[in-house]
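To convert, take the position in the sequence shown, counting from 1, and add 224; that gives the numbering used here.
Positions of the beta carbon are idealized from the N, C-alpha and C atoms, including for glycine.
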Amino acid sequence: MISREELRQLASFECQYSNELAISFYFQPGTPQDKSHREEAILAKDMVRKTLQELQLNGRNRDATEDLERILHLAERLHGNQARAKAVFACSGRGLWREFDLPPAPSPTQLFVNRRFHLKPLAPIFSEHPRLWVALIDRQTARFLEVQFDQIQEQNAFTNPLSRHGRSDGYAGYDAGHTQRHSEDEVRRHFRSAAEFLKSAAEKKQFEALVVGCHDLNWPDFAVQLHPYVQKRLLGHFSADLGSLTDEMAKKQAEKILRESLHQHHQELISEAVAEAKGNRRGVTGLRRVLRAMELGEVECVIMTREYSARAVECTNCRHLDSHLVHYCPVCGRATRALDDVCEALVPAVVKGNIGLVLVPPDDILDRVGNIAALLRFRADRNKNELLAAS
Ligand SMILES: [Zn+2]
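Written as structure tokens, this is what we have:
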């Protein structure tokens, strides 16, 4: 799996000479249940072969040919049912070859040959896959699982067995109320120790998001014990009988809650960006204004549809990006170069700038404002900046 640092390195890469090419290959297997699995591998090979032929016809670039042949070999090995989503980034002219396993994503198998790596499907990976913990709690036991991509790791587990008093329903009716209270105290203590463990793990930043699996009856009693710091990371809870719940089932439930909460969060981001933009506050919409806000260093998070693409130009000197297809840079006057898709330059800039990127499915609200928007950290005093730029 890729690390943030590796992603940043890929974002910083750019071809220096016209004979260098940066190749990005994304392979997305079909689900193991369906037959399209094999077809995906065949499709991938066809895609690589076609690109190879095109490059050879144009008499371009022996290095890129080498890279593509290597990718073709790789695609041939992707037949097995175990094949996972993969990304390969290559530029043999610069001795670069990186291969990563990826979590399943809604982006198809794709191949890109360009000056920079195509990072759009990869850039949101960390926000879409936060370090997720699942706390499984019942009246006596507590287990804590970390779910990251397709791995499950137990982080801790403990049992606070109920005492004989707690377990029994009293000695033939002897002070049943007392026994009941005693048992509730024990359970409360157990919940408190589980909540304490979560608090200290949250303080150590061991997880970014939390889902709790516990019986609906116990949930209110456990939830009140959670520290506000932990509650902030809580995405939700699901009802489960821990006796029959496997780790794999717990992971599935937690991931479902994660997906729902991401979807809701993204919807809120879209509404917020659009509303803020309308009020000229902390939001902008449309490519031109997003690019401008990027250059002013105002952007906290860029929001666009997965399929978003727009032509633009990039200055060969100062790297200014412009949605108007001008031949000369309006900032420094040097020649510009056409970009088939502004994301080629915008996404690496987002990654390098540590700016959030949210990709959403087609959305009516976003569609009305050009399918791209941004939330801002602040809004620079533009009049002052413009005066400074002009002086
Ligand atoms: Zn320029």
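Any C-beta of chain D under 8 angstroms from that of residue i
| i | result |
| --- | --- |
| F382 | Protein chains in the displayed structure number just one, and chain D is not present. |
Pairwise C-alpha distance: residue j and residue i
| i | j | result |
| --- | --- | --- |
| N541 | V514 | 21 angstroms |
| A616 | H551 | Residue 616 lies beyond the stretch modelled for the chain, which goes from 225 to 615, so this question has no answer here. |
| H489 | G594 | 20 angstroms |
| E229 | F350 | 12 angstroms |
| F602 | H297 | 49 angstroms |
| F237 | K576 | 11 angstroms |
| L482 | F341 | 29 angstroms |
| A597 | L590 | 8 angstroms |
| Q372 | L231 | 17 angstroms |
| S242 | I266 | 31 angstroms |
| A418 | S533 | 47 angstroms |
| L611 | R558 | Bear in mind that the predicted position of L611 carries a pLDDT of just 49, short of 50, making it unreliable; the figure below should be weighed with that in mind. If I take the Cα positions, the gap works out to 22 angstroms. |
| L302 | E264 | 9 angstroms |
| E352 | I295 | 27 angstroms |
| L583 | D409 | 47 angstroms |
| W357 | F382 | 16 angstroms |
| Q194 | C553 | Summary: the structure shown does not reach residue 194, with the chain confined to residues 225 through 615, and so no result is reported for it. |
| E500 | A235 | 29 angstroms |
| T275 | G503 | 47 angstroms |
| E496 | R592 | 15 angstroms |
| V555 | R516 | 12 angstroms |
| L491 | S227 | In the sequence as presented, Leu is not what sits at residue 491; that position holds Gln. In a straight line, the C-alpha of Q491 is about 27 angstroms away from that of S227. |
| Q280 | R273 | 10 angstroms |
Residues near residue i in its chain [Cβ-Cβ closer than 6 angstroms; skip 5 each side]
| i | result |
| --- | --- |
| V571 | L343, K344, A347 |
| P620 | One cannot answer for residue 620 here, as it falls past the ends of the chain, which runs 225 to 615. |
| F336 | S248, H342 |
| V566 | A534, A536 |
| M271 | L335 |
| T420 | A small fix is needed here, since residue 420 is Glu in this sequence, not Thr. Within the same chain, E420 has no close Cβ partners at all. |
| K475 | V371, I376 |
| E323 | V312 |
| L549 | V537 |
Cβ pair residue i, residue j closer than 8 angstroms
| i | j | result |
| --- | --- | --- |
| C239 | R355 | no |
| F251 | T333 | yes |
| L466 | T365 | yes |
| E300 | K269 | yes |
| V523 | I579 | yes |
| L581 | V526 | yes |
| Y453 | A426 | yes |
| G437 | Q477 | yes |
| E472 | F431 | no |
| N380 | F368 | yes |
| L469 | L386 | no |
| H451 | K423 | yes |
Cβ separation of residue i and residue j, assumed to be a contact under 8 angstroms, to the nearest whole Å
| i | j | result |
| --- | --- | --- |
| Y505 | L599 | Here residue 505 turns out to be Arg, not Tyr, going by the sequence shown. With 8 angstroms as the limit, R505 and L599 do not qualify as a contact, their Cβ atoms being about 10 angstroms apart. |
| P330 | R530 | 7 angstroms |
| R363 | V411 | 5 angstroms |
| H461 | W443 | 6 angstroms |
| H487 | S463 | The pair is not a contact, with the Cβ atoms about 21 angstroms apart (cut-off 8 angstroms). |
| Q455 | R416 | Actually they do not touch by this definition, with Cβ atoms about 15 angstroms apart. |
Segment limits, beta strand (DSSP E) that includes residue i
| i | result |
| --- | --- |
| M225 | No beta strand (DSSP E) holds M225; DSSP gives it neither H nor E. |
| K310 | 309 to 315 |
| H551 | Unbroken run through H551: none, as it is neither H nor E. |
| Q375 | 375 to 383 |
| A598 | 596 to 600 |
| A536 | 536 to 539 |
| A433 | 433 to 438 |
| D325 | 320 to 326 |
Start-to-end residues for the alpha helix (DSSP H) that takes in residue i
| i | result |
| --- | --- |
| Y250 | Y250 -> not in any alpha helix (DSSP H); beta strand (DSSP E) instead, spanning 246 to 251. |
| V514 | 511 to 519 |
| H297 | 286 to 301 |
| D591 | 588 to 592 |
| H490 | 471 to 502 |
| I349 | 349 to 352 |
| L570 | 567 to 576 |
Same chain only: Cβ atoms within 8 angstroms of residue i, ignoring 5 sequence neighbours per side
| i | result |
| --- | --- |
| E568 | N338, R339, R340, H342 |
| E519 | H544, L545 |
| L493 | C525, I527, V582, L599 |
Other residues of its chain near residue i: CB distance less than 7 angstroms, five sequence neighbours each side excluded
| i | result |
| --- | --- |
| R318 | E244 |
| L459 | A433, L434, V435, I481, L482, S485 |
| S316 | D287, E290, D291 |
| R457 | A426, F431, E432, A433, L434 |
| L563 | R535, A536, V537, E538, A569 |
| E321 | One point to set straight first is that residue 321 is Trp, not Glu, in the sequence displayed. Contacts found: A314. |
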